[in-house]
Amino acid sequence: MVDLERIKAETVAYFRALDEAATQRQHFRHADEEGGLWYIEAVPDRGELVVIKQAELTSAGQLHRYSWEHLEDEHGFLTDQAVDPEVDPLEAIPAEEFLRVWTR
Numbered sequence: 011m012v013d014l015e016r017i018k019a020e021t022v023a024y025f026r027a028l029d030e031a032a033t034q035r036q037h038f039r040h041a042d043e044e045g046g047l048w049y050i051e052a053v054p055d056r057g058e059l060v061v062i063k064q065a066e067l068t069s070a071g072q073l074h075r076y077s078w079e080h081l082e083d084e085h086g087f088l089t090d091q092a093v094d095p096e097v098d099p100l101e102a103i104p105a106e107e108f109l110r111v112w113t114r
């Protein structure tokens, strides 16, 4: 049997460590098919850009935030997939724009 609490604790510890130790942060926005906007904060780790914060602003105006402090809920979850701005349909944005949405 898998120890889900242990896995969750390890996941939280990993994302928290990345967030607290980050010296470089990159910010992106992505529009989805339903008219929502996704805002992403990512940091480099082992040659990849790992998402440490993600906010979804739905077309209805609802805001859902995910980070090590809140990994998931009934609306969604913090992605565990690295992003690649060269391949993924992401638009680089200033940190201030990300923070405006994140702290809304």
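Residue numbers in the sequence shown follow our numbering, run continuously in steps of one, and reach 114 at the last position.
Here a beta-carbon is modelled for each residue, glycine too, at the ideal position from N, C-alpha and C.
- Apart from sequence neighbours up to five positions away, the residues of its chain that approach Gln-64 with a beta-carbon distance below 8 Å are Trp-48, Tyr-49, Ile-50, Glu-51, Arg-75, Tyr-76, Ser-77, Leu-88, Thr-89, ordered along the chain.
- The alpha-carbon of Asp-94 is positioned some 9 Å away from that of Val-60.
- If only uninterrupted beta strand (DSSP E) runs of at least 3 residues are considered, those enclosed by the segment 51-99 are 58-67, 73-76.
- For Thr-113, the closest of Glu-82, Leu-67, Leu-81 by C-alpha to C-alpha distance is Leu-67.
- Between His-37 and Phe-108, the C-beta gap is smaller than 7 Å, which places the two residues in contact.
- At least 7 Å separates the beta-carbon of Asp-55 from that of Leu-81.
- Put simply, of Leu-73, Glu-101, Ala-32, Glu-96 the residue whose alpha carbon is nearest the alpha carbon of Arg-110 is Leu-73.
- The beta carbon of Val-22 is closer than 6 Å to those of Trp-78 in its chain, skipping five residues each way along the sequence.
- Boundaries of the beta strand (DSSP E) around Ala-41: 36-41.
- DSSP lists Arg-39, Ala-65 as the beta-bridge partner residues of Tyr-49.
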